[in-house]
Structures are given as structure tokens and as C-alpha cells.
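I have placed the structure first, in the form of C-alpha cells, so that the comments after it can refer back to it.
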Amino acid sequence: MFEQLTERIQRTLKYIKGEGKITEKNIAEALKMLRLAFLEADVNYRVVKEFEARVKARALNQEVLLSLTPAQHFIKIVRDELTEILGQEARPLNFKSQPPSIFMLVGLQGSGKTTTAGKLARYVRTLGRNPLLVSFDLKRLAAQDQLRIIARSLELPFYEMTVEKMKDPAGVLKELLTYTRNRGYDPLIVDTAGRLHVDEELMEELKLVREILQPDEVIYVGDAMTGQDAVRSARVFEEKIGLTSIILTKLDGDARGGAALSIVYVTGKPVKFIGVGEKFDRLEVFHPERMASRILGMGDILSLIEKAEKEADLKEAEELARKIKKHQFTLEDFRKQLQQLKKMGSLSGLLDFLPKMGPFKKIGQLEVDDKKLLHYEAIINSMTPQERENPRIINGSRRARIARGSGRPVQEVNQLLKQFFEMEKMLKKSDFQKLLKNI
Ligand SMILES: Nc1nc2c(ncn2[C@@H]2O[C@H](COP(=O)(O)OP(=O)(O)O)[C@@H](O)[C@H]2O)c(=O)[nH]1
Ligand SMILES: [Mg+2]
């Protein structure tokens, strides 16, 4: 995420650290470097100016100039102000105390509304809620097909619209409210129509939905890859229908960061979630402070730990620790580990959370090959249970059979076994406690 921006900011911080003393002159130089980094990342110029003025005012304070660690002070100021423009702190969804809460998603076509409706429903279910999904599009009834499929695959309730019902839009919206209330659904998540460009007809349609449903959240879904275009259209939606919050999608792609760093300041609305992948579990709660750390290259360890706690099976982790301790680590365990990694998303995605400095620097720079993990898994899958428990019996002919079975070259089977034996040796040599300390 935002690699280029992070790299340039890191260069600035390194420069300031190297200077030892902080003077007006090197602050000006550092600010110039930051300004260029932001502009290159397509950040709104008003945001850049505001950020620069605030950092400058604080950095030139006597307290900083006279402190023993001025560079650290400067970095802290940059981090604080970055957090500020990202929205200060995480804001939870606005649930009504008297259900049902109603969340309406708006945005341009292709921004990720329908996908996000599914992600959001899945997310609120993990909070113990019982969401209902519906798609409201007066022009294209078929637009609901995509959401219906998503709802089915996630086993979530879906409200079906029909041609007949759509003849009376206000009537069907009222009926939808009664239906939601009577069956105890909470929240009702409404996917709406999108267009390539904002047009009056669409705005009228969305206003009608807003008027009748009185949603607790009108969430603008914006594609972060479109940079300032996403910010501009958010403003139009805010003016015409009014928004309560924002979800930015496709931050897993090569978005430069401009939308994320501008949209809160420009619209005055908080970003509540970010979409970081096409799959339905790829939705993250947006924490401005953690995002600021990530952008600065300091990593987001907190989110990583939360992710691991949520997704990895703790019992399996304990079992693994026990086996390592007893030197009973087998290829079967190795396979389980690969599966855990897969559950947590891609390995390269995980690396995004790690700091790019200090002891983690090397890891952050690793070229991770997610495909290789899949290939390794395929190879282990082609082994018999005995082979997995006791890899030493895997001779030449067994290797050839495994290679054929998994569709991978024999060299790769050899490579996997070699790596496994090395790992085993390391585990045997090391005291487990020591190993844990080093992780
Ligand atoms: N990589 C990535 N793709 C996404 C994300 N959110 C949505 N998409 C993709 O964006 C495309 C458009 O999404 P869709 O939900 O149909 O957009 P809509 O027209 O606003 O309803 C689809 O191919 C989605 O899979 C995301 O966070 N990351
Ligand atoms: Mg859609």
C-alpha cells in the first residue's frame, strides 16, 4: 500500500535524522521533500498546504529545537499531523439503539458498492448482528443479480425486488421497512444504482431512498485508485444527498494514496472502512493513527496482531508450539502452517503491516512469492500420510511420483524437502524459548 509515498517519506525522515540538529533551514528542506512526496501521491493541494503549515508551526517551536532528540520530535509531529488529516480516530458505524439501523451505499459505477455491501454485511454479522441485503435500482432490476449471488454465497438474507414492486418505488421502500422491522433484521444494507458520471436522475432516485428510509448511514463508496476523481465525486454526493461516512476501496491496488489522504479533509466526513481486496473478508476498520504509521513505514503491528488473533486458530498454534518443543514437527504441520497463511490472506498482504525500519527492514524488502506457497501445498498434498510424517523415506522414485501427482517439477520437490530439513535442523538446535524471543 502506498509504497512510493512511504519510500519518499522515509527518505525525508532519514535526512532529518542525519542532520543531528534541527534548524529552520533543514526543516524547510524536509518540508519541501514532504510536499513533493504528497503532490506526487496525488494529494489535494489544499491538504498539502494545511499539513505543511501545521508541521512547520509545531517544528519551529523552541521546545523541539532545544530538545535532545529533535529528529524524533519532528517525526512525531509528522505522524500526529498525518493522523489528523486522516481523521484523528476510528469511528464506529452508527447503529440505532432502536433497530433496525439502515445503511445506504452510494457512489459511482464500478467503485465497489455491491462488493462492499456484501463485505459490510459479513462484517456486521461478525459483530453478532443480523443484516438484510437489498439492491435498489429503478433503471436496472437486473443489477440485483450480483448482490443476490453474493448474499447466497455468504449465506446472508436478501430482499427480492420485482418488476411489479418497482412500479411504485415509494411504496416498495415503505414495504421494505416494515419487512425489515417485522423480521428483526438489523441493519438493513441498501445497495444503490451507480452511473459513470453523476447525473440528476440518479440523484433524484437516491434522494427518494434517503427520504423514505431515513438511513443512519449514507456511505460514499469511492475507488481509491481514481485518486482526486473519487474525492471530487464524493463532494458532489455530499452536496446533493448528504453523506455520513466514507469507505475507500481498492487500496490493495496501486493507489498512490491521494484519495485516502485528501477525502476526510475535503469532505469533512470520516473514512470508516477500507477495502483491500476483492474477497469478502478484505474489509478493514480504518484507524487513522495506524494508517499514519503504515504510511510512514513504521508498520501497523496492532492491526496485524488483531488479524492473527481473529483468523488464526489459536488451538492449532498451541499444538504446533508443543510439537516444535518436542521436535515432532512434520511436513503435515508444515502444510497446516501454509493453510493458516492462506487464511490470513496473501503473505505479501501481511508484509504490508510490518514496519519498513529496524529489525523488520529485511523482511519488508523480501520478494514474497505467494504462488510458491500454493505449489508447496500442492506438493505436500500429493504425499502419502507416512511420507508426511517421515519425510526421510522419500527416495528418488517417490519424488518422481510426487512431482507427477502435484504437477510440479522434481527440482521443486527437492527444494521443498531441503528447506524442510533445514528448518527441522534449526528447530532442533534452538531452544524453543529462544526461538520465540527471536520472532
Ligand atoms: N482489488 C479490489 N477490487 C475491488 C475492491 N472492491 C471492489 N472491487 C472490484 O471492483 C469491481 C467493481 O465492484 P462492484 O462492487 O461491482 O462496483 P459497483 O458498480 O459500485 O457496485 C469488481 O470487480 C470488484 O471485485 C477492493 O477493495 N479491492
Ligand atoms: Mg453495483
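Each residue of the sequence shown is one higher than the last, beginning at -2 in our numbering. Note that CB positions come from ideal geometry on N, CA and C, so glycine has one too.
When you measure from the CB of residue i to every non-hydrogen atom of ligand 2, does any distance come out below 7 Å?
i: Gln1; result: no
i: Lys116; result: no
i: Ala34; result: no
i: Asp188; result: yes
i: Ala111; result: Here the sequence assigns Thr to residue 111, which means Ala is not the residue at that position. For ligand 2, at least one heavy atom lies less than 7 Å from the Cβ of Thr111.
i: Ala141; result: For clarity, residue 141 is Gln in the given sequence; the question names Ala instead. No; taking the cut-off as 7 Å, the Cβ of Gln141 has no heavy atom of ligand 2 nearer than that.
i: Gly272; result: no
i: Gly191; result: yes
On the CB-based measure, 16 or more other CB atoms within 10 Å of its CB, does residue i come out buried or exposed?
i: His194; result: exposed
i: Phe(-1); result: buried
i: Arg43; result: exposed
i: Ala50; result: exposed
i: Met158; result: buried
i: Arg287; result: buried
i: Lys418; result: Before going further, note that residue 418 is Phe rather than Lys in the sequence given. Exposed, because fewer than 16 other Cβ atoms sit within 10 Å of the Cβ of Phe418.
i: Glu275; result: exposed
i: Leu124; result: exposed
i: Gly15; result: exposed
i: Thr241; result: buried
i: Lys73; result: exposed
i: Ile390; result: exposed
i: Ser290; result: buried
i: Val160; result: exposed
i: Leu10; result: buried
i: Ile146; result: exposed
Less than 8 Å between the C-beta atoms of residue i and residue j, yes or no?
i: Asn378; j: Ser394; result: no
i: Leu210; j: Met101; result: yes
i: Leu144; j: Ser132; result: yes
i: Ala87; j: Val282; result: yes
i: Lys266; j: Ile238; result: no
i: Leu335; j: Ile376; result: no
i: Val268; j: Gly84; result: yes
i: Val215; j: Leu170; result: no
What separation, rounded to the nearest whole angstrom, lies between the Cα atoms of residue i and residue j?
i: Lys164; j: Leu135; result: 9 Å
i: Leu293; j: Thr381; result: 47 Å
i: Ser98; j: Gly104; result: 20 Å
i: Gln416; j: Pro96; result: 55 Å
i: Gly107; j: Asp220; result: 8 Å
i: Gly17; j: Leu36; result: 27 Å
i: Asp249; j: Thr113; result: 14 Å
i: Tyr176; j: Leu129; result: 10 Å
i: Lys369; j: Pro388; result: 20 Å
i: Lys93; j: Arg122; result: 16 Å
i: Tyr12; j: Leu57; result: 17 Å
i: Met222; j: Thr246; result: 8 Å
i: Val228; j: Glu81; result: 18 Å
i: Ile260; j: Tyr217; result: 11 Å
i: Ala190; j: Leu199; result: 7 Å
i: Asp278; j: Arg126; result: 16 Å
i: Gln7; j: Thr66; result: 18 Å
i: Pro212; j: Ala148; result: 21 Å
i: Leu138; j: Lys110; result: 16 Å
i: Leu258; j: Ile271; result: 13 Å
i: Ala256; j: Glu78; result: 17 Å
i: Thr3; j: Glu21; result: 24 Å
i: Ile243; j: Asp183; result: 20 Å
i: Ala231; j: Gly224; result: 11 Å
i: Lys29; j: Asn91; result: 39 Å
i: Thr438; j: Met420; result: Since the first and last residues shown for the chain are -2 and 436, residue 438 lies out of range.
i: Arg396; j: Phe331; result: 18 Å
i: Tyr373; j: Ala400; result: 11 Å
i: Glu236; j: Glu201; result: 13 Å
Say yes only if the C-beta of residue i is nearer than 7 Å to one or more non-hydrogen atoms of ligand 1, and no if none qualify.
i: Arg108; result: According to the sequence displayed, residue 108 carries Ser and not Arg. Yes, the Cβ of Ser108 comes within 7 Å of a heavy atom of ligand 1.
i: Val218; result: yes
i: Thr246; result: yes
i: Glu275; result: yes
i: Gly250; result: yes
i: Gly265; result: no
i: Arg279; result: yes
i: Gly254; result: no
i: Gly181; result: no
i: Gly224; result: no
i: Gly168; result: no
i: Gly104; result: yes
Between residue i and chain B, is there a C-beta pair that is closer than 8 Å?
i: Thr189; result: Given the protein chain composition of this structure (a single chain), no chain B is represented.
| query | If you scan the region 209 to 259 from start to end, which runs of the alpha helix (DSSP H) of 4 or more residues do you find wholly inside it? | reply | As far as the region 209 to 259 is concerned, its whole alpha helix (DSSP H) runs of at least 4 residues are 225 to 237.
| Which runs of the alpha helix (DSSP H) spanning at least 4 residues fall entirely within the region 34 to 101, listed in chain order? | Here the runs fully enclosed are 42 to 56, 59 to 63 and 67 to 83.
| task | Would you list, in sequence order, the uninterrupted beta strand (DSSP E) runs of no fewer than 3 residues that lie entirely inside the region 116 to 153? | result | Listed in chain order, they are 129 to 133.
| said: Just to confirm the assignment: which complete alpha helix (DSSP H) runs, minimum length 4, are found wholly within the region 171 to 198? | reply: Listed in chain order, there is nothing to give.
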